[in-house]
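Undergrad: Numbering (our numbering), first residue to last: 483 to 929.
Built from N, CA and C at the ideal position, the CB exists for glycine as well.
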Amino acid sequence: MSSPIVKTWPKMTSREEFRFLADLILTRSSGDETVVTLNDLRSGTTRFANNHVVQNVDVRRGILAVTVAYGKRHGTASATDFTAGSVLETLARAERVARFSPEDPEHLSPPEPQSFARWETARPETVAAGPARRLEYANEAISLCRMENLLSAGIVTSSVCSTGVASNNGLFGHEARTEARFSITVQSDDATGWSSAAHRSIDHLKIQERTLAAIDKAKRGCEPMELPPGQYPVVLEPAAVAGLLAWFIGALDAKSYQKGVSPFTGRLGKRILDKRLTLNNSPGHADLLGVGFTAEGTPSGPSTWIDGGVLRQLTYDRYTARVQGVTTIPTLEAPVLSVTGDTCATVKNLIKQTDHAILVSNFWYIRSVNPNDLTLTGMTRDGTFLIEKGEIVGPVKNFRFHDSLLRTFQDIGAATVPLEAVTAETGKMLVPAIVLPRLHFSSVTRF
């Protein structure tokens, strides 16, 4: 529910209030099984363009959903009004839907009660942040761009969410989650520079550092030279690595694996990437957006997905996990990709070690070409440069790439330690900047 009248909904739903609402429903339900979920969100966004703030809005949305099951027949109803009368009417609607629904052969009982890990999912400074704090950060970024006579556009967001799940078998989980984001695009003549950040704490967005990085890319990128398409060694900055890794993670689906249509079918327990690469889930990491439990009420915890290039885990829903005999369902909401062996501390140090390569700041509009071998296509964006003998010698026009992740990441070169990476399509992860010996650029773009 979106409500401009703040007085009618003054506070976020607390743990105690959610338990009261859940008990109200669970004690009155006639179903064999009943599950209650909560998603109470307060968020705000400040947008700026052409060096001016153009929007500053706050939104409040809350949904309480009730699922009732009679055997394998189940129904769900939801409410945006959390008063007792509305909540009980929602329960009655869910019961009516369940009675008239066909049996669902994949229906499962709620997860067994358990204790969920308590990560630091909420930061008080983000809870307290409002339009004034976001406006302050937006104006800081705008001022830095004005001093360079450059145009900027971007957003600053802050949100707090009260999330809960409860069932009549005793399962109960509740946690508050905060998130803040900053993204900026800087334009200089025919070039753009971009940077982005996300964190549980709004004070960790590093507005000045991110803005100056975008300014530097925009200034360096003017009057790019055109190089012919073909295979080039590349230095992928963390955002570019994250853009590709997101597609890799998305292909780890267990259902596709069992059907034989996954690029990894038959390769569980075998090496699929360079043996120096390891992918972990680290929900307790202070710089990531880990959670204590999933929307299905299963726990999130540390797990290893790729170990020394070897595939160890797949992504399961509860039904597929039950069919395959998987008792602990791993999650991957807080990815960390790391490289064993010697690594650099920064991208600058990595560039200094590179004799000849194309530096890619970011990819955009990445799309699948052949899911059987994870062949993707997309375009470089917001800073593509030529590296010669450890130095950036000049900008180059953007390329379209066309290549298989399973080929390009079989043999990586030098890399950095894991660094923060956020893109419009990937969320937040920690990944290194990586040198790939070759990436196939199929054409040059006209911008």
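If you check the beta carbons only, do Pro745 and Asp855 fall under 9 Å apart?
TA: Going by C-beta atoms, Pro745 is nearer than 9 Å to Asp855.
Undergrad: On the criterion of 16 or more Cβ atoms from any shown chain inside 10 Å, does His838 qualify as buried, or is it exposed?
TA: exposed
Undergrad: By the three-class DSSP mapping on this structure, what secondary structure does Ala915 have?
TA: coil
Undergrad: Pull up the CB-CB distance for Leu508 and Ala648, whole angstroms please, since I reckon it's below 8 Å.
TA: Cβ atoms of Leu508 and Ala648 come within 8 Å of each other, at about 7 Å.
Undergrad: Is the number of C-beta pairs between the region 907-922 and the region 708-716 that are closer than 8 Å three or more?
TA: Enough Cβ pairs lie closer than 8 Å, so yes.
Undergrad: Which complete alpha helix (DSSP H) runs does the region 519-604 hold, if anything under 4 residues is left out?
TA: 566-582
Undergrad: Measuring alpha carbon to alpha carbon, tell me which residue in Phe500, Phe883, Lys910 and Leu570 is nearest Ser925.
TA: Phe883
Undergrad: Which residue from Gln892, Ser560, Glu577 and Ala531 puts its Cα closest to that of Gly553?
TA: Of the listed residues, the one whose Cα sits closest to Gly553 is Glu577.
Undergrad: Quick one: is Phe582 buried, meaning 16 or more other Cβ sit within 10 Å of its Cβ, or exposed?
TA: exposed
Undergrad: DSSP state of Tyr619, grouped into three classes?
TA: helix
Undergrad: Rounded to a whole number of angstroms, what is the C-alpha to C-alpha distance between Ala673 and Arg663?
TA: When rounded, the distance between both Cα atoms is 24 Å.
Undergrad: Three or more beta-carbon pairs under 8 Å between the region 814-829 and the region 855-870, yes or no?
TA: no
Undergrad: What is the DSSP secondary structure of Val609, reduced to helix, strand or coil?
TA: helix
Undergrad: Where do the ends of the alpha helix (DSSP H) carrying Asn658 lie?
TA: Contrary to the premise, residue 658 reads as Ala rather than Asn in this sequence. Element bounds for Ala658: not the alpha helix (DSSP H) but the beta strand (DSSP E), Phe654 to Ser670.
Undergrad: Would the region 886-902 count as touching the region 816-825 if we require 3 or more Cβ pairs under 8 Å?
TA: yes
Undergrad: With Ile874 as the anchor, note down where its beta strand (DSSP E) starts and where it stops.
TA: Where Ile874 is concerned, the enclosing beta strand (DSSP E) starts and stops at Glu873 to Pro877.
Undergrad: Just to confirm my understanding: we take Val851, look at its own chain, exclude 5 residues before and 5 after, and list those with CB closer than 8 Å. What are they?
TA: Thr857, Leu858, Thr859 and His884
Undergrad: Determine the direct distance from the alpha carbon of Trp676 to that of Ser496, and round the result to whole angstroms.
TA: Ser496 and Trp676: Cα-Cα distance of roughly 38 Å.
Undergrad: Measure the beta-carbon distance from Ala561 to Gly513 and round it to whole angstroms, keeping in mind my assumption that it falls under 8 Å.
TA: That pair is no contact at about 17 Å.
Undergrad: Start and end of the alpha helix (DSSP H) containing Ile442?
TA: Lying outside 483 to 929, the shown extent of the chain, residue 442 is not represented and no answer is given.
Undergrad: If you draw a straight line from the alpha carbon of His681 to that of Glu585, how long is it in whole angstroms?
TA: 43 Å
Undergrad: Near Phe730, which residues of its chain fall below 7 Å by C-beta distance, leaving aside the five closest residues on each side in sequence?
TA: Leu856 and Leu887
Undergrad: Just the C-alpha distance for Pro812 and Gln795, rounded to the nearest angstrom, thanks.
TA: 7 Å
Undergrad: Roughly how many whole angstroms lie between the Cα atoms of Ile545 and Val609?
TA: 19 Å
Undergrad: Could you tell me which residues DSSP pairs with Ala896 in its beta bridges?
TA: Partner residues in a beta bridge of Ala896, as assigned by DSSP, do not exist.
Undergrad: If the criterion is Cβ atoms closer than 9 Å, does the pair Ala574 and Thr660 meet it?
TA: no
Undergrad: Identify, in the order they occur along the chain, each residue of the same chain with its Cβ nearer than 8 Å to the Cβ of Ala695, setting aside the five sequence neighbours on each side.
TA: Gly675 and Ser677
Undergrad: Mind checking whether Gly703 and Asp864 have CB atoms under 9 Å apart?
TA: Yes, Cβ-Cβ distance for Gly703 and Asp864 is below 9 Å.
Undergrad: Determine the contact status of Pro784 and Ser764, defining contact as a CB-CB distance below 9 Å.
TA: yes
Undergrad: What separation, rounded to the nearest whole angstrom, lies between the Cα atoms of Pro720 and Ser511?
TA: Roughly 50 Å separates the two Cα atoms.
Undergrad: Going by DSSP, name the residue or residues bridged to Ala803.
TA: In the DSSP assignment, no residue is bridged to Ala803.
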